[in-house]
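Accompanying notes for the structure given below.
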Amino acid sequence: MTMLPAPARRKLGLVIDLDTCVGCHACAVACKEWNDGGQFGPLPDEDAYGAEPLGVWFNRIHSYEVQPEVTPDSQGNGPLQQLYKTGFVENAPAMTVHFPRSCLHCEKPDCVTVCPTGASYKRAEDGIVLVDEEKCIGCKLCSWACPYGAREYSEKRGVMQKCTLCVDRIYNESFAPAERQPACVMACPTRARHFGDLGDADSAVSKLVAEREGYALMPELGYAPVNRYLPPRPRRNGCGDKAAAADHTETLDRDQLPPLLRWVDKLLSR
Amino acid sequence: MTHANLKLHEPVGDEVKTTTCYMCACRCGIKVHLKDGKVRYIQGNPDHPVNRGVICAKGSAGIMQHYSPARLRKPLLRVGERGKGEFREIEWDEALALATQWLGDIRRRNPDELAFFTGRDQSQALTGWWAQQFGTINYAAHGGFCSVNMAAAGMYTFGGSFWEFGEPDWEHTRYLMMFGVAEDHDSNPIKLGLGKLKQRGAKLLAINPVRTGYAAIADEWLGIRPGTDGLFVGALIQELLNHDWVDFDYLVRYTNAHHLVVRDPGGADDGLIARDAAGTPLCWTRDAGAARADAVGIAPVVVGEYTLDDGRRAVPAFQLLAERFLAAEYSADAVAPQCGIDAAAIRRIAAEIADAAFRQEIRLPVAWTDVWGRQHSEMIGRPVSLHAMRGISAHSNGFHTCRLLHTLQMLLGAIDTPGGFRYQPPYPKGVPPANRPGKSRKPDGTLDAGPLGYVHAPEDLLVDAEGNPRRLDKAFSWQHPLAVHGMLQSVIANAVAGDPCRIDTLFLFMANMSWNSAMNTTGTRRMLVEKDDGGEYKIPRIIYVDAYASEMVEFADLVLPDTTYLERHDCISLLDRPISDADGASDAIRHPVVQPDRDVRPFQDVLLDLGTRLGLPGCLREDGSPRYPGGFPQYMVEHERAPSVGLLAGWRGRDGSREGTGEPNPQQLERYKEHGAFWHAEVPAAGRYYKMANRDYLDWARGLGFVGSTHAQVMELYSERLQRFRLAAQGHGAVQPPARERERVARYFDPLPFWYAPFEWSHVDLARYPIAAITQRPMFMYHAWGSQNAWLRQITARNFLYIHPQTAQALDLRDDDWVWVESPHGRIRVPVRCHNGTEPGTVWSWNAIGKKRGAWKLAPDAPESQQGFLLNHVITELLPPRAGGYRYANADPVTGQAAWFDLRVRIEKAADEPETQPHRVEVARA
Amino acid sequence: MHPALSVIFFTTLSGAGYGLLALLGAGLALDLWPRETASLLWPLGLGALLTSTGLLASMAHLGQPLRAWRAFSQWRSSWLSREGVCAVTSYLPMAAIALLALRQDAQLPWPAAARLAGAALLAAALLTVFCTARIYSSLRTIPAWHNAWVAPGYLLFAAYSGGLWLWLLAALHQVGAPLPWDRLGLAPGPLMGLVGAALLVTALKLAYWRRIDGPAAVADIGSATGLGRYGTVSAFEKPHTEYNYINREMGFVLARKHAARLRAFALVCGLGLPLLGVLAAIRLPDYSPSFAALALLSGSLGIFVERWLFFAEARHVVNLYYGARRV
Ligand SMILES: Nc1nc2c(c(=O)[nH]1)N[C@H]1C(S)=C(S)[C@@H](COP(=O)(O)OP(=O)(O)OC[C@H]3O[C@@H](n4cnc5c(=O)[nH]c(N)nc54)[C@H](O)[C@@H]3O)O[C@H]1N2
Ligand SMILES: Nc1nc2c(c(=O)[nH]1)N[C@H]1C(S)=C(S)[C@@H](COP(=O)(O)OP(=O)(O)OC[C@H]3O[C@@H](n4cnc5c(=O)[nH]c(N)nc54)[C@H](O)[C@@H]3O)O[C@H]1N2
Ligand code: SF4
Ligand code: SF4
Ligand code: SF4
Ligand code: SF4
Ligand code: SF4
Ligand SMILES: [Mo]
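Protein sequence lines, in the order shown, are assigned to chains R, F and X.
Heads up, the first sequence stops at 272 in my numbering, and the numbers go up one at a time, no gaps.
Heads up, the second sequence stops at 951 in my numbering, and the numbers go up one at a time, no gaps.
Heads up, the third sequence stops at 385 in my numbering, and the numbers go up one at a time, no gaps.
Next comes the structure, spelled out in structure tokens:
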């Protein structure tokens, strides 16, 4: 149903920890593999071994750089002078942040309401946004309506495809309970991905979000994404824990020669 | 129902089999789901000790590799000129008969004329044994161009290594320093570990010219200049010494810091450890004078000069170390400009690690007994751990730099103590392990030992009477005495040059030697087809075993097509590169989960078949009948290296009730298959730390056959073994280097680690070539294999040269400009992109993305060959000629490790050509 | 946005068609339309042809055209569905008018039924065009579309291009008429209406471009990634080195200098030249059919370019993930 269901209590979604994600693409490929052979598949590839390989993926990994403002150093040198004069930039160097992106299962997603056929819909029971490929006419409008680039159209199949939150895994009673998790979450080698009910304040994911100040992407668009991103923890670039270092600064008195002598009386036990 | 046909409870497939992944050397456990006989889904095996259920991008994409169109389909015999890729498909019988004839002739004439080199495999337990049966000394795997510096420095220092044989204490460490690691062999365990570390809020410090991947998530990133880590660590050591941030008790208990080193300049015993009549090292105690260094209840000194009973003068090893690192050249201020790291930062980091090690000491309430029988009620740990890989090893100074890292660990008391670096069983197995490389042939034609091993003294080298190399790759010669993994990267150039010898057949397995694993790739490709005056190829025959249409295939005379990893038996043996973790020993198997749909055979079966046809002793029974008609699966079960010791440690003994050792069990493979295709034995809780001197551990390890004795294994802060080589170079001992090698051996066989500039720095004009150029592994590609994979190549089908924006600005470069990357060896035209997380004096790219046009069944206009590039074209395999025209390999002088990352280049805008032109290579010397 | 030809054809053709039908409907409703069957059937037939071709063209854009019927179901939320419903509904008054035209007596005034059908046609045509416009202007992801200028623009363009067609039909119909004013084709009122529409559309388009060139952005790379609070965010590596669907569909970038040139072309060709045509026809009414044809040709080309620009200049917020700083 293209009209959005009444807001549900259950909001299943992913929480992705940018502090831990190393950008390995494991989640993206696991997702592709799971869904390619499953009931939402295939996820077709075009020109697979040719000049312009292209295919449908539900999850893609970006990486960004974040350049903090570089302030002049103690001698007033700007970053370029610092680099050329001393070989160092005194202030924090740029962060590299790996950033997986898939459907955020928004609470108010236009991708659903624009759909003329009802192929796109948001499940009332858990908020998962799905495409019924049997109904989809491939008008692509929903992909235009998604700000997050989460919908990918397959030329070969003529239908729109997207992350299913692995709905065919998470409820699947033919699986052991521990395996009722999205494929990307199961695969992630750093365990940077978490799955759960973000509508339940007591769930592990909700607690994680609260504790780490998880955020939503582009809230200004008004789509109210369910998925949350955990921000990178502050990097201790070049500043470190000054307090710990401070009381270690009493250095060896080099005038007391030879310096080795201070170990002469060391009573060691073997 | 809104979704017409949503099935929530579909099973994955109709069958699931557990086996072991081989999309890389990490060897995770996988569950392969089959549907209608086809592979449907591959997931990580949650029970597997290596990956605990996770799976990487390559592992999931294994399905596409398995169904790759680039798979070879039938044996091939060359019909056209070599290198043109013209083949005739032949039957296996013909292929094997031909190989048997070629190899049989060689074996009768001179087995050393067979150069058998295996690349990325994990079957060294079989291939090494086979080479030994054949009788050739010219065998090795790929370690020489890979990471032998890590392996050797670790083995010769503390009997373990960063390289796969150890791991940080992920549960307890509070401070992890990662040097030069982009991905590592332990892909998934490291990622799992980093995830844990992050959760605990422990500090991760990345020392790496590039900030991606692991370095991206590090709390702190030090963008070091390539090749200078030794200076940085030396300065840390100086800071620790200056402040007394040293665990002296640990040093005297577990290392040879207190061993007395003889001071006898010019003498044959100079620098050797003083020993008593029984050969036991001596130390000095304040109350009793000279004493056995391994005695307990004594209080040895670590500085001072003492006179031994025989009148010789000696000092504790620690003093020599302290003298070296207290010198001005290792001060933070002196090293800072060379490393590109601020001196204040170096001091701070020394303080931070000292703080973590000594103020945040860990005490685990676990009782244990040391080898001297003393009971301890707790395990005390220094939660600082280090990990390092090819950023350290792939330099010509990598062996000593790695030793420096281990020195730092020992000073902190952080090897195999809680929170530090931990051995993985079966290591430690001796410092270094006892097995020496085979040198001579027995009457039955077999080599007296496996061709690879640990050289303990000059006597173990493979040199002729004049001191010249005997092996084709010059491993275990005076040029590279501790080349414990051989030097695959030198094989082709040496064979073509006939230096030190000619060979007849190059038998290569799983190594893309004409492309991404070659230095001077263009030249190597020319050498492979080079002919002598008589019109014969200088390498007369090349047999190559691959599963895919790689760049190397077209250079083969005979191609033996292998199966994929899902179609064969493999053995991940403790005798090989084990997959253990610090808490347990593991081995594993691979077994066919699907049948090949092509006329291909598992290489191990083929090798045993060849061995049988050749009549190699180990392949026949006493009555001359084949010993392993069942092929490799039979070998895995029945072969015994020593009585009761076989390839697999699990379910041994007739009834499968034994572990580690025991009679072969005919049901062994069945047991493995029932247990997820792996075996895992947990180290008892009391044996999990101090493994080098922990009775609980050593008893357990001896029970499993890992160690012969339960004596303490003393870590070598000071390497007497290296000193023996230096003494030989100074004219002492029975086996001495030829005159031209002496200076080099004497310099680089320093018993204490030190930093020296990478060789390239003194050979090239640094003003002309000011920029360091390095590569990194992408986490989602395995060397050359990945590009044939329809999914993985969608992630990366071309590579860029990454450069710091300010460096780019100085060179007037913008994203997607094409530049010439020029080294003295040649130049390549490549596209650039800016990256802030790159050290400004360094450029880098992803490794092995560039492909030869037409290889891997990719379209001729695939981006991999049009825009993608290999740095290898501009990396030289040889250092410039020395007096007399002699040229050393571009490698570490101790271990022969290829010095990939020493490369220096200049970058120039390629303004002369339109941007749409493809990538180009121009080399000065092919 | 990728300027897909099928969609551009669709919006221009059906825009013209519904414009023509709307004019017809209005004429009927107000009882201003001539009473001959031919003067009714021609515009009706042409309108039906243009809109139907447009709809077919839009079907070509679909991945599963055979399932197009499903698109009528979601009229409660989807402008595309509503558009479909309106488009199909508009055939009803069209059919009614056709029937009436065949049956009617030219001497009698339009029966009330015809006036009602005309009103219905007017409403259906305008609603269809409005829905088309709303498909675009409702997308919050594309600021260039998500504004108040789009719907009036679509409606006016429809009326204007319908007017051009109507002029041509009328001029052809009146060939050889005795009075020069008649030979012009359109009466002065409607003709001035056409001129007025052209001027209005020009003003509207200029205002629209001013707006989309303005600095207002809905989001930036910092909020798209949530990393803006740490410093300046830029894309380092994309998830793939080659293109994917998103880049191809949403990542189309038009160079500014091309845009400026094309805008000028659209205005001159689409609005300026037809205006000149009207002036010329007033001077030389005998050649009115030729001027009308030229005006239509030039106008259609101009509108086609305008529509192409409508897509090509629109930037989608998803590009923020691929390195765009602000959208
Ligand atoms: N510039 C630069 N060059 C480098 C490095 C670097 O860092 N920078 N790294 C170096 C290092 S450490 C290494 S280890 C080398 C790696 O280089 P290689 O060892 O050459 O690795 P691959 O390219 O993976 O090639 C191995 C071959 O194995 C084949 N193969 C794959 N699966 C199977 C199988 O199941 N059976 C058989 N028989 N064959 C199979 C592949 O088709 C391929 O031809 O590259 C080295 N080269
Ligand atoms: N996904 C994937 N995994 C692999 C492989 C693969 O091809 N793909 N290959 C496997 C093989 S054969 C190997 S050998 C391992 C290698 O695993 P790694 O050791 O992780 O190999 P590299 O990618 O060469 O990483 C070298 C790192 O060192 C840095 N570096 C270069 N020079 C210096 C230096 O002087 N100092 C410091 N501190 N850092 C430096 C580089 O920036 C880079 O980050 O990976 C194995 N795992
Ligand atoms: S991320 Fe995109 S596709 Fe997913 S629910 Fe939100 S708007 Fe729809
Ligand atoms: S492409 Fe399919 S799912 Fe998307 S809006 Fe059109 S019909 Fe709905
Ligand atoms: S939840 Fe499932 S479908 Fe969605 S990104 Fe993860 S693996 Fe893909
Ligand atoms: S698998 Fe985990 S670490 Fe790897 S890219 Fe995905 S989220 Fe990041
Ligand atoms: S790290 Fe990946 S490719 Fe390597 S063995 Fe494990 S799952 Fe397979
Ligand atoms: Mo390697």
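Every residue gets a Cβ at the ideal spot worked out from N, C-alpha and C, and that includes glycine.
message = Quick check: does the Cβ of Y47(F) come within less than 7 angstroms of any heavy atom belonging to ligand 2?
response = Position 22 of the second sequence, counted from the start, is the residue given in the question as residue 47(F). Result no, Cβ not under 7 angstroms from ligand 2.
task = Can you have a look at H27(R) and say buried or exposed, based on whether 16 or more other CB atoms are within 10 angstroms of its CB?
result = Sequence index remark: in the first sequence, residue 27(R) carries index 25 (1-based). By the 10 Å Cβ count, H27(R) comes out buried.
request  = Express the C-alpha separation of P642(F) and D469(F) in angstroms, rounding to a whole number.
outcome  = Indexing the second sequence from 1 puts residue 469(F) at position 444. Indexing the second sequence from 1 puts residue 642(F) at position 617. A straight line joining the alpha-carbon of D469(F) with that of P642(F) spans about 7 angstroms.
ask   = Using the rule of at least 16 other Cβ atoms within 10 Å of the residue's Cβ for burial, across every protein chain shown, is N30(F) buried or exposed?
value = For this step, residue 30(F) is matched to residue 5 along the second sequence. Per the 10 Å Cβ criterion, exposed.
request  = Compute the Euclidean distance between the alpha carbons of A202(X) and I139(R), then round it to the nearest angstrom.
outcome  = Indexing the third sequence from 1 puts residue 202(X) at position 144. Indexing the first sequence from 1 puts residue 139(R) at position 137. When rounded, the distance between both Cα atoms is 26 angstroms.
ask   = What residue from E213(R), L210(R), P9(R) has the CA that sits closest to C108(R)'s CA?
value = By one-based count along the first sequence, residue 108(R) stands at place 106. Of the listed residues, the one whose Cα sits closest to C108(R) is P9(R).
task = From the DSSP output, in three-state form, read off G240(R) for me.
result = On the first sequence, position 238 is the one that residue 240(R) refers to. Its pLDDT being 43, under 50, G240(R) is placed unreliably by the model, and the measurement read from it follows with that caveat. G240(R): coil per DSSP, three-state reduction.
task = Determine, using beta carbons only, whether E889(F) and K876(F) come nearer to each other than 8 angstroms.
result = As a position in the second sequence, residue 889(F) is number 864, starting the count at 1. As a position in the second sequence, residue 876(F) is number 851, starting the count at 1. Closer than 8 angstroms, so yes.
request  = Identify the contact partners of K268(R) in chain F, using a Cβ-Cβ distance below 7 angstroms as the criterion.
outcome  = Working through the first sequence from its first residue, we reach residue 268(R) at position 266. Residues of chain F with a Cβ closer than 7 angstroms to the Cβ of K268(R) are, in chain order, F273, V327.
key: E245(F) (DSSP reduced to helix, strand or coil)   = As a position in the second sequence, residue 245(F) is number 220, starting the count at 1. Correct three-state label for E245(F): strand.
ask   = Excluding five sequence neighbours on each side, which residues of the same chain lie with their C-beta closer than 7 angstroms to the C-beta of C241(R)?
value = Position 239 of the first sequence, counted from the start, is the residue given in the question as residue 241(R). Note that C241(R) scores a pLDDT of 37, beneath 50, so its modelled location is shaky and nothing firm can be said.
ask   = For ligand 4, is there a heavy atom less than 7 angstroms away from the beta-carbon of S122(R)?
value = As a position in the first sequence, residue 122(R) is number 120, starting the count at 1. Because some heavy atom of ligand 4 lies under 7 angstroms away, the Cβ of S122(R) counts as near it: yes.
key: For P214(F) and E196(F), believed in contact at Cβ under 8 angstroms, the rounded distance   = Sequence index remark: in the second sequence, residue 196(F) carries index 171 (1-based). Sequence index remark: in the second sequence, residue 214(F) carries index 189 (1-based). No, E196(F) and P214(F) are not in contact; Cβ-Cβ is about 13 angstroms, not under 8 angstroms.
task = Find the nearest neighbour of T305(F) within the set V578(F), F383(F), R317(F), judged by alpha-carbon distance.
result = Here residue 305(F) refers to the residue found at position 280 when the second sequence is read from its first residue. The alpha carbon of T305(F) has as its nearest neighbour, out of V578(F), F383(F), R317(F), the alpha carbon of R317(F).
M117(X): first and last residue of the uninterrupted alpha helix (DSSP H) it sits in = Your numbering for residue 117(X) matches position 59 in the third sequence. Here the alpha helix (DSSP H) through M117(X) covers 95 to 118.
message = Taking contact to mean 3 or more Cβ pairs, one atom from each stretch, closer than 8 angstroms, check whether the segment 257 to 276 of chain F and the segment 341 to 359 of chain F are in contact.
response = For the pair of segments examined, the segment 257 to 276 of chain F was found to touch the segment 341 to 359 of chain F: the number of CB pairs separated by less than 8 angstroms reaches three.
task = Tell me, please, which residues DSSP counts as bridged to V41(F).
result = As a position in the second sequence, residue 41(F) is number 16, starting the count at 1. Its beta-bridge partners are H58(F).
key: DSSP-derived helix/strand/coil call for Q400(F)   = Taking the second sequence and counting its residues from 1, the one referred to as residue 400(F) is at position 375. Here DSSP, grouped into helix, strand and coil, assigns Q400(F) to strand.
ask   = If you measure from the CB of W36(R), is any heavy atom of ligand 5 nearer than 7 angstroms?
value = Taking the first sequence and counting its residues from 1, the one referred to as residue 36(R) is at position 34. Yes.
key: 8 angstroms Cβ cutoff met for I2(R) and A194(R)   = Since the first and last residues shown for chain R are 3 and 272, residue 2(R) lies out of range.
query = So, using beta-carbon positions, are F750(F) and F774(F) closer together than 8 angstroms?
reply = For the purposes of this step, residue 750(F) is identified with residue 725 of the second sequence, where counting begins at 1. For the purposes of this step, residue 774(F) is identified with residue 749 of the second sequence, where counting begins at 1. Yes, these two residues count as a Cβ contact at 8 angstroms.
inquiry  = Could you check whether T260(X) and L320(X) sit closer than 8 angstroms to each other, using their CB atoms as the reference points?
reply    = Residue mapping note: residue 320(X) aligns to position 262 of the third sequence, counting from 1. Residue mapping note: residue 260(X) aligns to position 202 of the third sequence, counting from 1. Taking 8 angstroms as the Cβ cut-off, L320(X) and T260(X) do not qualify as a contacting pair.
inquiry  = Does the beta-carbon of C596(F), which I'm using as the reference point, lie nearer than 7 angstroms to any heavy atom of ligand 1?
reply    = As a working note, residue 596(F) is residue 571 in the second sequence. For C596(F), the shortest separation between its Cβ and any heavy atom of ligand 1 does not lie below 7 angstroms.
task = Can you give me the Cβ contacts of V948(F) inside the same chain, cut-off strictly under 7 angstroms, excluding the 5 residues immediately before and after it?
result = Against the second sequence, residue 948(F) aligns to sequence position 923. Within the same chain, V948(F) has close Cβ partners T547, G548, H850, G851, H898.
query = With a cut-off of 8 angstroms, do at least 3 Cβ pairs link the segment 924 to 936 of chain F to the segment 905 to 913 of chain F?
reply = By the Cβ rule, the segment 924 to 936 of chain F does not count as touching the segment 905 to 913 of chain F, because fewer than three pairs are nearer than 8 angstroms.
query = Given that a residue counts as buried once 16 or more other Cβ atoms are within 10 Å of its Cβ, and exposed if not, what is V376(X)?
reply = Residue mapping note: residue 376(X) aligns to position 318 of the third sequence, counting from 1. So V376(X) counts as buried.
key: CA nearest to the CA of A178(F), picked from G129(F), M404(F), H944(F), P458(F)   = Counting from one through the second sequence, the residue named residue 178(F) turns up at place 153. It is P458(F).
request  = Please check if any C-beta of chain F sits within less than 8 angstroms of the C-beta of G198(R).
outcome  = Taking the first residue of the first sequence as position 1, residue 198(R) is located at position 196. So no, G198(R) is outside the interface.
ask   = Mind checking whether G205(F) and R415(F) have CB atoms under 8 angstroms apart?
value = Translated into positions along the second sequence, residue 205(F) becomes position 180. Translated into positions along the second sequence, residue 415(F) becomes position 390. G205(F) places its beta carbon less than 8 angstroms from that of R415(F).
message = Short of 9 angstroms Cβ to Cβ, which residues in the segment 213 to 224 of chain R face chain X?
response = Within the segment 213 to 224 of chain R, the residues whose Cβ lies closer than 9 angstroms to some Cβ of chain X are Y217, A218, L219, M220, P221, E222, L223, G224, listed in chain order.
ask   = Tell me, which residues are paired with S104(R) by DSSP?
value = On the first sequence, residue 104(R) is found 102 positions in, with the first residue counted as 1. Under DSSP, the beta-bridge partners assigned to S104(R) are N61(R).
key: Chain-ordered residues of the segment 43 to 64 of chain R with a beta carbon less than 8 angstroms from chain X   = Within the segment 43 to 64 of chain R, the qualifying residues are E54, P55, L56, G57, V58, W59, R62, I63, H64.
key: Any C-beta of chain X under 8 angstroms from that of A248(R)   = Reading the first sequence from its first residue, position 246 is the one you call residue 248(R). In this prediction, A248(R) has a pLDDT of 45, which is less than 50 and means its spatial position is unreliable; nothing more can be read from the coordinates.
ask   = Assuming V79(F) contacts L591(F) under a Cβ cut-off of 8 angstroms, what Cβ separation, rounded to an integer in Å, is found between them?
value = Taking the first residue of the second sequence as position 1, residue 79(F) is located at position 54. Taking the first residue of the second sequence as position 1, residue 591(F) is located at position 566. Actually they are not in contact, since the Cβ atoms of V79(F) and L591(F) sit about 19 angstroms apart, beyond 8 angstroms.
inquiry  = On the criterion of 16 or more Cβ atoms from any shown chain inside 10 Å, does L214(X) qualify as buried, or is it exposed?
reply    = Within the third sequence, residue 214(X) is the residue found at index 156, counting from 1. So L214(X) counts as buried.
ask   = Which value, in whole angstroms, describes the spacing of the CA atoms of T4(R) and Q132(X)?
value = Translated into the one-based positions of the first sequence, residue 4(R) becomes position 2. Translated into the one-based positions of the third sequence, residue 132(X) becomes position 74. Straight-line spacing of the CA atoms in T4(R) and Q132(X) works out to 6 angstroms.
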